[in-house]
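If you read the protein sequences in the order shown, they are chains P and E. So the first sequence is numbered by our numbering: it starts at 1 and just counts up by one. So the second sequence is numbered by our numbering: it starts at 1001 and just counts up by one. Glycine included, each C-beta is placed from N, C-alpha and C at the ideal position. Below: the structure, in structure tokens.
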Amino acid sequence: MTTATPSSLRKDTSGRRPFRRVLVANRGEIAVRIIRACRELGVETVAVYSDADRNAVHVRLADQAVRLGPAPAIESYLRGDAVVEAARTTGAEAIHPGYGFLSERASFVRLVEDAGIVFVGPSSEVIAALGDKLAARRAAAQAGVPVVPGTLERAPVDRPGDLAEIVAEATEIGLPLLVKAAAGGGGRGMRRVTSLDQLPAALAAGSAEAASAFGDGAVYLEREVRPARHIEVQLLGDAEGAVVALGERDCSLQRRHQKLVEESPAPGLSRDERIELHELAVRAARSAGLRNAATAEFLFDTERRFWFLEVNTRLQVEHGVTELVSDLDIVREQLWIAAGESLSERVRAAAGRAADATRHAIEVRISAEDPARDFAPAPGTIGRWELPAGPGIRVDTAAESGSHVPPDYDPLIAKLLVVDESREAAIDRLGRALEETRITGIQTTLPFHRFVARDPRFRAGELSIDWVDSHWPEIAAADRRRALGVAVRAAAGAVSRARASATLATTIRNQGSVWARDGRRRAVERWPR
Amino acid sequence: MSRRLLVRPAGRSALPGDDVAVVEDAPLDPADDQGDLLGTLRQDRDGVTIVEVVVDGWRFELAVEDEARAALRRRATRERDAGATSGPLEVRAIIPGRVAEVRVVPGDAVEAGAALLVVEAMKMQNELRAPRAGTVERLTVAAGDTIELGDVLLVIG
């Protein structure tokens, strides 16, 4: 990255380190990301792994590694007891959970705390309080933060006699509305209600799904704010109760509540709107007693109002976007805060600039998913793996050529981030970076990202959380059909040529083409053998 | 004579509704080269080549074969289906090559799937199996013979 300033590359001025040894309770790109931050601080790292990840990059990069169990997450990365035991036996002073897996499980954090190990994140009480969406809504509302209109208590799913009451409440909230799980996430337990007679069935179905997914069937009602953008605020807080906002991210391009593209700053907001948003986020987090890194999520409606959704009490997948704009290393700050330091001067200075960004960053999530099949997971073995480089490019990944993408975990294989002086320039840079990205062996989300990078609506900042689900399937079908036409001619040409030459692998295409270069390279590499 | 190639999406990359394309077997005009990315190229069975091509991030596994051979294969399949119950069945060469081994003699009773003969093509041994049960009525090739695509090899009654 070309944009790092000397200050962000310097260790703590006194030459100390936050911990001697940290266990990283995760896998994939985020485990690598955290290990990198630790190494730069002189902190030893302990990786954990499942049988599917025995040869994974995060295991290689760490100073030592402990096996957790077989491939399924429930038998490995979700085994809180095994993670704590690994930290104990290796003498790790702290555990960084990354995102997903155990990162927001209050019961796990309690286990860590009871073992006398530092958890890099908020306390178990805060995680429990903010993990309950209803409790978070109440706390935010009490702190004067506008929450999406809806109920603040759990719906009486098990008391049919009280149904009339909730129907009356639903009438007041207005339709369409959403039934949401209090323990929810990722859209599970969620039901859309467009007429009041659907409500009882939606409550029952949503509650049953939430009970099976989270072990808690509590549901509540929320007005459906549509159309809307998803805008979130990166927060950092310390043990003394100081909480600051480090800027916002627009993550509106989602499919089924999974983010695909994130950028910062959010396009089209006025400076006053940014300041208002950051203040709302800080207020919501402070009221909950937040410490360490968190993200407050909001909806931004067409009348330019912000509505509080929830607080995530962990490092987000898309934290790098904020790092590129704010010039901070959030993971490094997390470690210092976990070690008991108050918010650093670097953090305070970045917070002071948060509404006046002078750079624009965009991240696209490259996942092993098929964008022509509703983003269904497409695990497999990576063949060619060429990622972009050059000015303003950052790639966070744990994949490499020959890597097997196992079906057991999140299909995210790389985060491609770009930064430039303006949104326009960042989009151009993204387009260039995506042209350099060449992956074979597995289907990835690249076609979607390439489309976004050239789409005039995206360039104009026309963002909405419904956009992907309502427009992409049609665009995908047409774009794939066009690509198939090109691919058919290429395949036929390759076979023709292969037959004409002695061996298949030395197929040489016309001058200057990628195939020709590739064929020549392979031929040259084989020559001495 | 200009040949034509039949190209169809295969494997995990195929979607319902994908077209089967027929393309001239000729070098691609450089002007048509759109910087496509070629993954792997492998020879599948029955003279079909599987090519992995990635275009603008879309990954395709494409099965490429001679149109004539594809037509023959279709006919062979039809004949196999039609002859599954009765009537003599001509077993034809679905790849050109050399007969490496003959494992039956006329008069042999064979089960469906029994090995009949081995054809060597592109340094690979391809076992030819009986499409259905019956008796070997006639054998028209011997070990060492060179065979062309579509040649009748034997007849099962």
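To which residues of the same chain is residue i closer than 8 angstroms at the C-beta, ignoring the five residues directly before and after it?
{"i": "P:A115", "result": "V84, A87, R88"}
{"i": "E:R1075", "result": "none"}
{"i": "E:D1044", "result": "I1050, A1063"}
{"i": "P:A170", "result": "L177, V193, L196, L199, L221"}
{"i": "E:A1014", "result": "R1008, E1061"}
If I measure Cβ to Cβ from residue i and keep anything under 7 angstroms in the same chain, skipping five residues before and after, which residues do I get?
{"i": "P:A71", "result": "S50, D51, A52, P406, D408"}
{"i": "P:R110", "result": "S124"}
{"i": "P:R423", "result": "P267, H360"}
{"i": "P:V66", "result": "V46, V48, A86, T90"}
{"i": "E:E1127", "result": "A1115, V1118"}
{"i": "P:V57", "result": "V32, A398, E400"}
In terms of residue numbering, what span does the beta strand (DSSP E) encompassing residue i cover?
{"i": "P:D238", "result": "Premise fails: P:D238 is in no beta strand (DSSP E) and is neither H nor E."}
{"i": "P:I30", "result": "No beta strand (DSSP E) holds P:I30; the alpha helix (DSSP H) holding it covers 28 to 40."}
{"i": "E:V1155", "result": "1152 to 1156"}
{"i": "P:V452", "result": "Careful: P:V452 lies outside any beta strand (DSSP E), inside the alpha helix (DSSP H) at 446 to 454."}
{"i": "E:I1050", "result": "1049 to 1055"}
{"i": "P:S50", "result": "44 to 50"}
{"i": "P:I366", "result": "360 to 367"}
{"i": "P:E172", "result": "No beta strand (DSSP E) holds P:E172; the alpha helix (DSSP H) holding it covers 163 to 173."}
{"i": "P:R394", "result": "393 to 397"}
{"i": "E:L1089", "result": "1089 to 1092"}
Give me the chain P residues within the contact set of residue i, using Cβ-Cβ distance strictly less than 9 angstroms, ordered along the chain.
{"i": "E:P1009", "result": "L484, A487, V488"}
Residues of chain P with a CB under 7 angstroms from the CB of residue i: which are they?
{"i": "E:V1053", "result": "A487, A490, A491"}
{"i": "E:G1057", "result": "T444, L446, P447, R450"}
{"i": "E:V1118", "result": "Simply none; closest approach about 23 angstroms."}
{"i": "E:A1021", "result": "V488"}
{"i": "E:D1044", "result": "Residues of chain P passing the Cβ test: none, with the nearest at roughly 11 angstroms."}
Interface residues of chain P around residue i at Cβ under 8 angstroms?
{"i": "E:R1073", "result": "Within 8 angstroms Cβ-Cβ: nothing; E:R1073 doesn't reach chain P, min ~16 angstroms."}
{"i": "E:D1018", "result": "L484"}
{"i": "E:L1149", "result": "Those do not exist, as E:L1149 stays about 14 angstroms from chain P at its closest Cβ, beyond 8 angstroms."}
Got a sec, what are the start and stop residues for the alpha helix (DSSP H) residue i sits in?
{"i": "P:G493", "result": "467 to 500"}
{"i": "P:Q334", "result": "330 to 338"}
{"i": "P:E276", "result": "271 to 287"}
{"i": "P:I413", "result": "Run containing P:I413: none in the alpha helix (DSSP H); it sits in the beta strand (DSSP E), 412 to 420."}
{"i": "P:S252", "result": "Taken as a continuous stretch (DSSP letters only), P:S252 belongs to no alpha helix (DSSP H), being part of the beta strand (DSSP E) at 243 to 255."}
{"i": "P:A139", "result": "133 to 142"}
{"i": "P:F214", "result": "199 to 214"}
What distance in whole Å lies between the Cβ atoms of residue j and residue i, which are believed to be in contact at a cut-off of 8 angstroms?
{"i": "P:R223", "j": "P:V148", "result": "6 angstroms"}
{"i": "P:L532", "j": "P:A242", "result": "Beyond the ends of chain P as shown, which are 1 and 529, falls residue 532 of chain P; an answer cannot be given."}
{"i": "E:A1093", "j": "E:G1150", "result": "6 angstroms"}
{"i": "P:L41", "j": "P:R332", "result": "6 angstroms"}
{"i": "P:G98", "j": "P:L315", "result": "6 angstroms"}
{"i": "P:S264", "j": "P:E276", "result": "Wrong, their Cβ atoms sit about 17 angstroms apart, outside the cutoff."}
{"i": "P:H449", "j": "P:L434", "result": "6 angstroms"}
{"i": "E:A1130", "j": "E:I1147", "result": "At roughly 17 angstroms, the Cβ-Cβ gap does not stay under 8 angstroms, so E:A1130 and E:I1147 are not in contact."}
{"i": "E:E1003", "j": "E:D1025", "result": "The amino acid at residue 1003 of chain E is misidentified as Glu; the sequence shows Arg. Right, their Cβ atoms sit about 4 angstroms apart."}
Residue i versus chain E: which residues are under 8 angstroms apart at the beta carbon?
{"i": "P:A498", "result": "L1041, T1049"}
Residue i to residue j, Cα distance in whole Å?
{"i": "P:L412", "j": "E:P1009", "result": "26 angstroms"}
{"i": "P:I34", "j": "P:A293", "result": "14 angstroms"}
{"i": "P:T3", "j": "P:Q254", "result": "Reliability of the predicted coordinates at P:T3 is poor, the pLDDT of 42 falling under 50, and the value obtained from them is presented with this limitation in mind. Cα-Cα distance, rounded: 28 angstroms."}
{"i": "P:L269", "j": "P:D420", "result": "18 angstroms"}
{"i": "P:R271", "j": "P:L290", "result": "25 angstroms"}
{"i": "P:V418", "j": "P:E363", "result": "7 angstroms"}
{"i": "P:V233", "j": "E:A1063", "result": "49 angstroms"}
{"i": "P:F486", "j": "E:V1055", "result": "For the record, residue 486 of chain P in the displayed sequence is Val; it is not Phe. Distance between the alpha carbons of P:V486 and E:V1055: 7 angstroms."}
{"i": "P:G174", "j": "P:L199", "result": "12 angstroms"}
{"i": "P:Q258", "j": "P:F308", "result": "18 angstroms"}
{"i": "E:G1113", "j": "E:T1049", "result": "24 angstroms"}
{"i": "P:E297", "j": "P:D250", "result": "10 angstroms"}
{"i": "E:G1119", "j": "E:V1152", "result": "The displayed chain sequence assigns Val, not Gly, to residue 1119 of chain E. Spanning the two alpha carbons is a distance of roughly 13 angstroms."}
{"i": "P:P26", "j": "P:G131", "result": "The question names Pro, but residue 26 of chain P in the sequence shown is Asn. Near 20 angstroms, if we compare the C-alpha coordinates of P:G131 and P:N26."}
{"i": "E:T1135", "j": "E:D1019", "result": "40 angstroms"}
{"i": "P:A368", "j": "P:T313", "result": "26 angstroms"}
{"i": "E:L1041", "j": "E:G1107", "result": "42 angstroms"}
{"i": "P:R499", "j": "E:V1099", "result": "22 angstroms"}
{"i": "P:L504", "j": "P:V120", "result": "Reliability fails at P:L504, whose pLDDT of 41 lies under 50, so the model's placement of it is uncertain and the value that follows must be treated cautiously. Using only the alpha carbons, I get a separation of about 53 angstroms."}
{"i": "P:E310", "j": "P:G185", "result": "10 angstroms"}
What does a CB cutoff of less than 6 angstroms around residue i pick up in its chain, not counting 5 residues either side in sequence?
{"i": "P:A350", "result": "L246, S326, L328"}
{"i": "P:F214", "result": "A183"}
{"i": "P:L430", "result": "I362, V418, A453"}
{"i": "P:A181", "result": "G189, A210, V219"}
Give the residues of chain E in contact with residue i, contact being defined as C-beta atoms less than 7 angstroms apart.
{"i": "P:A372", "result": "L1015"}
{"i": "P:G383", "result": "G1039, T1040"}
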